[in-house]
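Chemist: Pasting a structure below so you can have a look.
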Amino acid sequence: MKSITEYFAADHDRLDTLFTEFQSLKRKDPAAAKEKFKGFLKGLTRHIVWEEDVLFPIFEQRTGMRDSGPTAVMRMEHRQIKGHLDEIHEKVRVADPNSDESESALLEVLKGHNMKEEHILYPSIDMGLNKVGLDSVQKAMNAIPEERYACCCHAH
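If you're matching positions, the sequence shown starts at 276 in the numbering used here and goes up one per residue.
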């Protein structure tokens, strides 16, 4: 990992691609769309866990801001994102392609959220990290068990 900003921005791009592929497939090939959504859901959930468990504490320790400030806003937006994901997940689970409204709402939150992270939060975390710090972040991310972000789309 060269920097938090580069790594997490690349993950945003990867997730955006998966979601776009899901959207383009959901009415043509529901099974393929479901696989894309599963990858997106797991990836975005993991991304959020990485941020909340690893990155945010670094920022909060450095700045003293926890219950107010950027990470409080990010956590609130993460809750909104999870709500929209749950709505879409339920549609995908039953092969209902009519999730456009929830998708639009999700994308609206993600657009501003990712911008704030990539231009404010990540660069401020990067400023205080050297190679050892980056390695420590990577190890902490890798140590998070998959159960924390594993998701399903099968029929219940």
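Quick reminder that beta carbons are idealized off the backbone N, C-alpha and C, glycines included.
Nothing here was measured: the structure is a model prediction, and the numbers come from that model.
Can you give me the C-alpha to C-alpha distance between E310 and D304, rounded to a whole angstrom?
Modeler: In the sequence shown, counting from the first residue as 1, residue 310 sits at position 35. In the sequence shown, counting from the first residue as 1, residue 304 sits at position 29. Rounded to the nearest angstrom, the two C-alpha atoms are 10 Å apart.
Chemist: Beta-carbon within less than 8 Å of V412's beta-carbon, same chain only, minus the 5 sequence neighbours each way: which residues are those?
Modeler: Within the sequence shown, residue 412 is the residue found at index 137, counting from 1. If we look at V412 and ignore the five residues flanking it on each side, its Cβ neighbours are M276, I279, V329, L330, I333, L404.
Chemist: Can you tell me which of A308, T338, F315 puts its alpha carbon nearest to the alpha carbon of L381?
Modeler: As a first step, residue 381 is located in the sequence shown; it is residue number 106 there, counting from the start. Ranking A308, T338, F315 by Cα distance to L381 puts F315 first.
Chemist: What separation, rounded to the nearest whole angstrom, lies between the Cα atoms of H431 and K414?
Modeler: As a working note, residue 431 is residue 156 in the sequence shown. As a working note, residue 414 is residue 139 in the sequence shown. Any answer about H431 is weak, because its pLDDT of 36 lies below 50 and its placement is not dependable; what the coordinates show is given next. So the two alpha carbons sit approximately 35 Å from each other.
Chemist: Taking A448 as the reference, give the member of E326, K386, F297 with the closest Cα.
Modeler: Not covered by the structure: residue 448. The range shown for the chain is 276 to 431.
Chemist: Under the assumption that E352 contacts V384 (Cβ atoms under 8 Å), give the Cβ distance between them as a whole number of angstroms.
Modeler: Looking up residue 352 in the sequence shown gives position 77. Looking up residue 384 in the sequence shown gives position 109. With 8 Å as the limit, E352 and V384 qualify as a contact, their Cβ atoms being about 6 Å apart.
Chemist: Going by CA-CA distance only, name the one from L293, R423, Q336 that's closest to S399.
Modeler: Locating residue 399 in the sequence shown gives position 124, where the first residue counts as 1. If we check each option's Cα against that of S399, Q336 comes out closest.
Chemist: For M216, does the count of other Cβ atoms within 10 angstroms reach 16, so buried, or fall short, so exposed?
Modeler: Past the edges of the chain, shown from 276 to 431, lies residue 216, and the structure says nothing about it.
Chemist: Looking at C-beta atoms only, is the number of pairs between the region 386 to 399 and the region 367 to 374 that lie closer than 8 Å three or more?
Modeler: The region 386 to 399 is not in contact with the region 367 to 374.
Chemist: Which of the three DSSP states, helix, strand or coil, is assigned to Y424?
Modeler: As a first step, residue 424 must be located in the sequence shown, where it is residue number 149. Correct three-state label for Y424: coil.
Chemist: Please classify V367 as buried or exposed, where buried requires at least 16 neighbouring CB atoms within 10 angstroms.
Modeler: Working through the sequence shown from its first residue, we reach residue 367 at position 92. Buried, because 16 or more other Cβ atoms sit within 10 Å of the Cβ of V367.
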